[in-house]
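*Asks:*
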Amino acid sequence: MDRPGYLIKLAQAALHAEMTRALQAHDATIAQYAVLTALAEVPGQSNAELARRAFITPQSMNENLRELERRGWIARRPHPTHGRIQQIELTDRGRATQRECDIVVKAVEERMLAGLDADQRRGLTGGLQACINALNI
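Heads up, our numbering is the position in the sequence shown plus 6, with the first residue counted as 1.
Right under this line is the structure:
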């Protein structure tokens, strides 16, 4: 079948499976990697902000954050002006784990794109972004 939506789903499933395997070596899940990466990019996000970025519910994010905190990968700090909101930041250990995980995820992505030249890669990225924009995500 050559329908774009189906091919995107197949690629997503294959990428998910390979990322899962690669991250297991660092005792991390894709959701945990997503949180670590989001915090590396924008420190101090709240539970709700992280949940939106990781495409999971705030309740699921809270469970993820508890585990990341238990591992010493994140720390929670009170928000300076909103008493009920906690800001989440990476610890040194969390930053190191994120960098290690990023290396293996980039290797998986590179393997996925190995059959494409630079122009095809740009075309793929541009095409996917256009699809996302067309569906208003």
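Glycine residues also receive a C-beta, built at the ideal position from the N, C-alpha and C atoms.
1. Could you tell me whether any non-hydrogen atom of the ligand GTP is closer than 8 Å to the CB of PRO86?
2. Just the Cα atoms here: how many angstroms apart are GLY50 and GLY78?
3. Please determine, among MET118, THR87, ASN70 and ALA60, the residue with the shortest C-alpha to C-alpha distance to ALA40.
4. Among GLY11, HIS85, ARG105 and ALA31, which one has its Cα closest to the Cα of GLU47?
5. Over what stretch of residues does the beta strand (DSSP E) that includes GLN135 continue unbroken?
6. For the beta strand (DSSP E) holding GLN146, just list the boundary residues, first then last.
*Replies:* In terms of the structure at hand:
1. Because no ligand of any kind appears in the structure shown, any question about the ligand GTP cannot be addressed here.
2. 16 Å
3. If we check each option's Cα against that of ALA40, ALA60 comes out closest.
4. ARG105
5. Looking at the DSSP string, GLN135 is not in any beta strand (DSSP E); the run it does join, the alpha helix (DSSP H), is 124-140.
6. No information on residue 146 is available, as it lies outside the stretch 7 to 143 that the chain covers here.
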